[in-house]
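Enquirer: Each residue of the sequence shown is one higher than the one before, counting from 1 in UniProt numbering.
Beta carbons are placed, not taken as given, at the ideal position from N, Cα and C, and that holds for glycine.
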Amino acid sequence: MLVDRIYYELKLLGKKALLTPLLLIIGFVLLAFILNARHVDPARTLLGGVEMMIPIAIGSMVGTVIAQDPALELQLTVPRKYHRTGVLRFLCLLVLGVVLSVIYINTLAAVHMLYLPKFTQQWSPLGLFLVIQLIWLAPLLWCMAAGGCFSLLLQSRTAGVALLCAIWIAEIVFKDFIALSDWLRPLLLFPATLVGFPPTNATPQQYNIYFLQPHYKLLAITALILIIGWLLLRNAESMLKGSIEE
Numbered sequence: 001m002l003v004d005r006i007y008y009e010l011k012l013l014g015k016k017a018l019l020t021p022l023l024l025i026i027g028f029v030l031l032a033f034i035l036n037a038r039h040v041d042p043a044r045t046l047l048g049g050v051e052m053m054i055p056i057a058i059g060s061m062v063g064t065v066i067a068q069d070p071a072l073e074l075q076l077t078v079p080r081k082y083h084r085t086g087v088l089r090f091l092c093l094l095v096l097g098v099v100l101s102v103i104y105i106n107t108l109a110a111v112h113m114l115y116l117p118k119f120t121q122q123w124s125p126l127g128l129f130l131v132i133q134l135i136w137l138a139p140l141l142w143c144m145a146a147g148g149c150f151s152l153l154l155q156s157r158t159a160g161v162a163l164l165c166a167i168w169i170a171e172i173v174f175k176d177f178i179a180l181s182d183w184l185r186p187l188l189l190f191p192a193t194l195v196g197f198p199p200t201n202a203t204p205q206q207y208n209i210y211f212l213q214p215h216y217k218l219l220a221i222t223a224l225i226l227i228i229g230w231l232l233l234r235n236a237e238s239m240l241k242g243s244i245e246e
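1) Under 8 Å: does the beta carbon of L19 sit that close to some heavy atom of the ligand GTP?
2) Take every Cβ of the segment 81-90, pair it with every Cβ of the segment 165-177, and state whether three or more of those distances are shorter than 8 Å.
3) Which of the three DSSP states is assigned to Y207 in this structure?
4) With distances taken Cα to Cα, identify the nearest neighbour of T20 among A32, V62, P42, A43.
5) When DSSP labels each residue in this structure, what does M113 get in the three-state scheme?
6) Please tell me whether I135 and A192 are closer than 9 Å, where the distance is taken between their beta carbons.
7) Quick check: the segment 18-36 against the segment 94-113, are there 3 or more CB pairs under 8 Å?
8) Between the Cα of residue 304 and the Cα atoms of G49, A17, S124, which residue gives the shortest distance?
9) Would you identify the three-state DSSP class for Q155, choosing helix, strand or coil?
10) With a cut-off of 8 Å on the beta carbons, I'd call V195 and T64 a contact; round off their distance for me.
11) Does DSSP put G196 in a helix, in a strand, or in coil?
12) Residue range of the alpha helix (DSSP H) that G229 falls in?
13) Check this for me: beta carbons of residue 249 and F119, under 9 Å apart or not?
14) For the alpha helix (DSSP H) containing A179, name the first residue and the last one.
15) Classify Q155 as buried or exposed, calling it buried when 16 or more other Cβ atoms lie within 10 Å of its own Cβ.
16) By Cβ distance, which residues of its chain are closer than 7 Å to C143, with the 5 residues on each side in sequence left out?
17) Roughly how many angstroms lie between the CA atoms of L100 and L188, to the nearest whole one?
18) Is it the case that the Cβ atoms of P204 and P117 are separated by a distance below 9 Å?
19) Measuring CB to CB, does G97 end up less than 9 Å from L140?
20) Taking all protein chains shown into account, do 16 or more other C-beta atoms lie within 10 angstroms of the C-beta of V50, making it buried, or fewer, making it exposed?
21) State the DSSP-derived secondary structure class of W183, mapped to helix, strand or coil.
22) Using only the alpha-carbon positions, how far apart do W230 and G147 sit?
23) Indicate whether at least one CB of chain D lies closer than 9 Å to the CB of L47.
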């Protein structure tokens, strides 16, 4: 029953939605070959693919599919409420994002295209592996949670995705201001790509301030956003109103 339900949701998402992150990855790999042919180190571009592009792609997909459903009105009358459907869609996209990101970033590490501070060479393999996964995990979860929450809160998938993309652009434009502001630093989404690249000469203190602490705090903020999104997702009547208006 569950397998059939998952298959149905994946079919509903469509091939275009599911292939979008994969096409982004292929595009970044091709760009890396072009940069390498021109004797430009493609490491930063490749890192941006997993830290910045996959999260915004998956987050936009969540914002698009979480707030609307053709059978939303019908689901108000059945025992299985829509919030369970929404959670299942979120989890399907999360699995997609995790699988692509794990393969992508560990491939970068395997081909020595992932730069880390020199002091991390003294860490255990498990500790190093977990820190590497933190590069993509925190921004991916935040973009997914924020994309869904924005669409539910604004009762519009278009407005929700637009707001998420606006924040993504603001992170790039104001990266230095965000990194240097103590109160904004927890919202630093892409420090590995945008701040102090490459970080090979970073001290443990610098790495802790500009990478580890912001990511830990970002995960805590993400947990709060997920709770808000869950509460909004349970308000199917409000979602139906937004679906009709859009």
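Expert: Straight from the coordinates:
1) In the structure shown, the ligand GTP is absent, as is every other ligand, since no ligand is present at all.
2) no
3) The count along the sequence shown starts at 1 and reaches residue 207 at position 207. Three-state result, Y207: helix.
4) Your numbering for residue 20 matches position 20 in the sequence shown. Of the listed residues, the one whose Cα sits closest to T20 is V62.
5) One-based indexing of the sequence shown puts residue 113 at position 113. In the structure shown, M113 sits in coil (DSSP, three-state: anything other than H, G, I, E or B).
6) On the sequence shown, position 135 is the one that residue 135 refers to. On the sequence shown, position 192 is the one that residue 192 refers to. Contact flag set, yes.
7) yes
8) For residue 304 there is no data in the structure shown, the boundaries of the chain being 1 and 246.
9) Stepping through the sequence shown from its first residue, residue 155 is reached at position 155. In the structure shown, Q155 sits in coil (DSSP, three-state: anything other than H, G, I, E or B).
10) Numbered from 1 along the sequence shown, position 195 holds the residue referred to as residue 195. Numbered from 1 along the sequence shown, position 64 holds the residue referred to as residue 64. Wrong, their Cβ atoms sit about 30 Å apart, outside the cutoff.
11) By 1-based counting over the sequence shown, the position of residue 196 is 196. Residue state, collapsed to three classes: coil.
12) On the sequence shown, position 229 is the one that residue 229 refers to. Segment 213-233, the alpha helix (DSSP H) holding G229.
13) Outside the displayed span of the chain (1 to 246) sits residue 249, for which this structure offers no information.
14) Translated into the one-based positions of the sequence shown, residue 179 becomes position 179. First-last of the alpha helix (DSSP H) with A179: 175-180.
15) Mapped onto the sequence shown, residue 155 falls at position 155. When all chains shown are included, Q155 counts as buried.
16) Counting from one through the sequence shown, the residue named residue 143 turns up at place 143. These residues qualify, in order along the chain: P55, I56, I58, G59, L164.
17) Working through the sequence shown from its first residue, we reach residue 100 at position 100. Working through the sequence shown from its first residue, we reach residue 188 at position 188. Their backbone Cα atoms lie some 22 Å apart in a straight line.
18) Stepping through the sequence shown from its first residue, residue 204 is reached at position 204. Stepping through the sequence shown from its first residue, residue 117 is reached at position 117. Yes, these two residues count as a Cβ contact at 9 Å.
19) Counting from 1 along the sequence shown, the entry for residue 97 is found at position 97. Counting from 1 along the sequence shown, the entry for residue 140 is found at position 140. In contact: G97 and L140 (Cβ atoms closer than 9 Å).
20) What you label residue 50 is simply residue 50 of the sequence shown in a count that begins at 1. Answer is buried; the Cβ neighbour count reaches 16.
21) Numbered from its first residue, the sequence shown carries residue 183 at position 183. Three-state result, W183: coil.
22) For the purposes of this step, residue 230 is taken as residue 230 along the sequence shown, with counting starting at 1. For the purposes of this step, residue 147 is taken as residue 147 along the sequence shown, with counting starting at 1. Taking the straight line from one Cα to the other gives about 13 Å.
23) The structure shown contains no chain D; it holds only a single protein chain.
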